[in-house]
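Structure first, then comments.
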Amino acid sequence: MKKSLLSIVALLAVSALSAQESETASEGFKKGDAFITGSVSYDYTKNDASKVNQFSVGPAVGYFVSDKIALGFSGSYSAIKSEGITYPSVNKTKSYSAGVFGRYYFTPANKFSFFGNLRVSYNHNKLDSNEVADRTGNGFGVQAGPGINYFISPRFSLQTSLGLLSYGSSKTKSGGAENTSTGFDAGIDFSNLSFGLLYKL
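Numbering-wise, numbering that gives the first Met the number 0 puts 105 at position 106 of the sequence shown, and it's gapless, one number per residue.
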């Protein structure tokens, strides 16, 4: 069984509130506008051998320095717990990231707009396990890709983004040993597709 909770589900609740917003606000963006956005997800998977719980949240705040360019800060947190059913195993992984991003909106003043997104982040993760040696990792990543922004009210909009290009470097410590790795990915990977809700301040 698998259950997913994405921020797009929460849109049903906030859309009811958006009907009561002030009519002085207009859809779209312009220089001087600020926004907060993010996504939340929860997954639960169970089979005959194991069960896995995963939770993640990714908030961000941005500011339009011009009519088409927004700069901002973002972060994320995720926790994964995997438990064996047929054998006694418990693996817990916690990941954190903090970074900056830049966006270019092609038609920011419109209800609907495409944007390009570039994000640079610092990442940290830790694995606690009763099967293998505990492991910690630190590194940085760069990700670029397109996105879509669609206003459902003067202040609320739906947001979808997809990572097409990514580069990462990390150093991992496990049982006294260290390992450094780097990687570059290019192409459409829908596991990097994210949905979110944006609120214009």
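Where is the CB? At the ideal position from N, CA and C, for every residue including glycine.
Residue i to residue j span [Cα, whole Å]
i	j	result
TYR104	ILE68	6 Å
ALA33	THR135	35 Å
LEU117	TYR86	43 Å
TYR95	GLY31	30 Å
VAL141	TYR62	20 Å
ILE35	ARG154	11 Å
VAL51	ILE84	11 Å
PHE150	ALA108	10 Å
ILE147	PHE111	7 Å
GLU26	GLN158	14 Å
Cβ-based burial, residue i [other Cβ within 10 Å; buried from 16]
i	result
PHE28	buried
PHE72	exposed
GLY175	exposed
PHE113	exposed
ALA78	exposed
SER120	buried
LYS199	buried
Bridge partner(s) assigned by DSSP for residue i
i	result
ALA48	None, per the DSSP bridge assignment.
PRO107	Answer is none; PRO107 lacks a bridge partner.
PHE114	TYR104, GLY146
THR135	LYS125, LYS172
ILE68	TYR103
Presumed contact (8 Å Cβ cut-off) between residue i and residue j, rounded CB distance
i	j	result
LYS91	ASN124	Not a contact, Cβ separation roughly 11 Å.
LEU161	GLY182	Contact flag wrong, Cβ pair sits at about 18 Å.
GLU130	SER173	The pair is not a contact, with the Cβ atoms about 12 Å apart (cut-off 8 Å).
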